[in-house]
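Residues in the sequence shown are numbered from 214 upward in steps of one, following this note's numbering. Just so you know, even glycine gets a beta-carbon here, dropped at the ideal spot from N, CA and C.
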Amino acid sequence: MIRLRSVYVTNILLFIFLSLKHFAFAQNENLEYHNFDLTSQLKFRNIGPAIGGGRVSSVVGIPNNPNVYYIGSAGGGIFKTTDGGFSWKAIFEKEPVSSIGDIELAPSNPNLIWVGTGESNIRNNVLNGKGVYYSPDAGATWKCMGLTDVGQISKIIINPNNPDIVFVAALGHAWGPNIDRGLYKTIDGGKTWKKVLFVNDTTGVSDIAMQPDNPEIMLAGTWQVVRYPWALNDGGDGSGIYQSKDGGDTWKKINEGIPKGLLGRIS
Numbered sequence: 214m215i216r217l218r219s220v221y222v223t224n225i226l227l228f229i230f231l232s233l234k235h236f237a238f239a240q241n242e243n244l245e246y247h248n249f250d251l252t253s254q255l256k257f258r259n260i261g262p263a264i265g266g267g268r269v270s271s272v273v274g275i276p277n278n279p280n281v282y283y284i285g286s287a288g289g290g291i292f293k294t295t296d297g298g299f300s301w302k303a304i305f306e307k308e309p310v311s312s313i314g315d316i317e318l319a320p321s322n323p324n325l326i327w328v329g330t331g332e333s334n335i336r337n338n339v340l341n342g343k344g345v346y347y348s349p350d351a352g353a354t355w356k357c358m359g360l361t362d363v364g365q366i367s368k369i370i371i372n373p374n375n376p377d378i379v380f381v382a383a384l385g386h387a388w389g390p391n392i393d394r395g396l397y398k399t400i401d402g403g404k405t406w407k408k409v410l411f412v413n414d415t416t417g418v419s420d421i422a423m424q425p426d427n428p429e430i431m432l433a434g435t436w437q438v439v440r441y442p443w444a445l446n447d448g449g450d451g452s453g454i455y456q457s458k459d460g461g462d463t464w465k466k467i468n469e470g471i472p473k474g475l476l477g478r479i480s
């Protein structure tokens, strides 16, 4: 009797399973037939923070950790979340500059943070940058590492194999010629800097990139630009693309394949 009852229960469970499977298949067919958008009910929501400093200029997170993010704003410093955006904390409010151009975490250690001040979207209300900053403890403390007269900083690149090797792309002062424009490199964690790329005093470096599997290969975009309260002198012979094959020590302008005529901002 017990054996017959077990067989009976098993048959009932098998029937229920097959029925549910058939139902799911029919539902999928129905969805496909009507071409329903399964994402139509997903909505974006504002996760903050409430920044009194204009637009967000830089966002960076930690790979494989969706809870930690840093955002920098055009005039409101840096905010950090450790709970996926449910709460935010200002972590750059005691420094003498509030405009952020770029935030980068060392690929080998995300607690090592480099920040370039002075956003590179140089509108007529842009705030000036005051150098590059470094935090060894995930933003708990900061130290100015120099380059205080390079103007707006557009991009920072950190060598994935050696966090002491850092590149800083300086767009320059927004409001006039500036001989400190260009690309800077340190090999000692910011103790000393060397300018490795310079075009002219009205052309800065607008972006840099490093080949992921070979940090010896790099590209840099340059932008000839000067901002005035009433106008933007955008583009010129200084704008272009440069390549380095020796880890950023020397650079050569790429001419082949580049469109002729006036070039503006390169990204």
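Asked	Found
Going by DSSP, what residue range makes up the beta strand (DSSP E) through residue 399?	395-399
Output the distance between the C-alpha atoms of residue 436 and residue 448, rounded to the nearest integer angstrom.	6 Å
Between residue 398 and the rest of its own chain, which residues show a CB-CB distance below 6 Å, the 5 nearest in sequence each way excluded?	380, 407, 409 and 461
When the Cβ atoms of the segment 352-362 are set against those of the segment 417-428, are three or more pairs found closer than 8 Å?	no
Pull up the distance between the alpha-carbon of residue 324 and that of residue 400, whole angstroms please.	19 Å
So residue 311 packs on residue 289, CB below 8 Å; how close in whole Å?	6 Å
Cα-Cα, which of 306, 284, 293 and 430 is closest to residue 314?	284
Start and end of the beta strand (DSSP E) containing residue 294?	291-294
Quick one, which of 430, 338, 298 and 463 has its alpha-carbon nearest residue 395's?	463
Does DSSP put residue 317 in a helix, in a strand, or in coil?	strand
How far does the beta strand (DSSP E) with residue 440 in it reach, from first residue to last?	431-441
Taking C-alpha atoms, which residue in 389, 286 and 430 lies nearest to residue 465?	430
Write down every uninterrupted run of the beta strand (DSSP E) in the segment 328-365 whose length is 3 residues or greater and which is fully enclosed by it, in chain order.	345-348
At the level of alpha carbons, what is the spacing between residue 326 and residue 291?	12 Å
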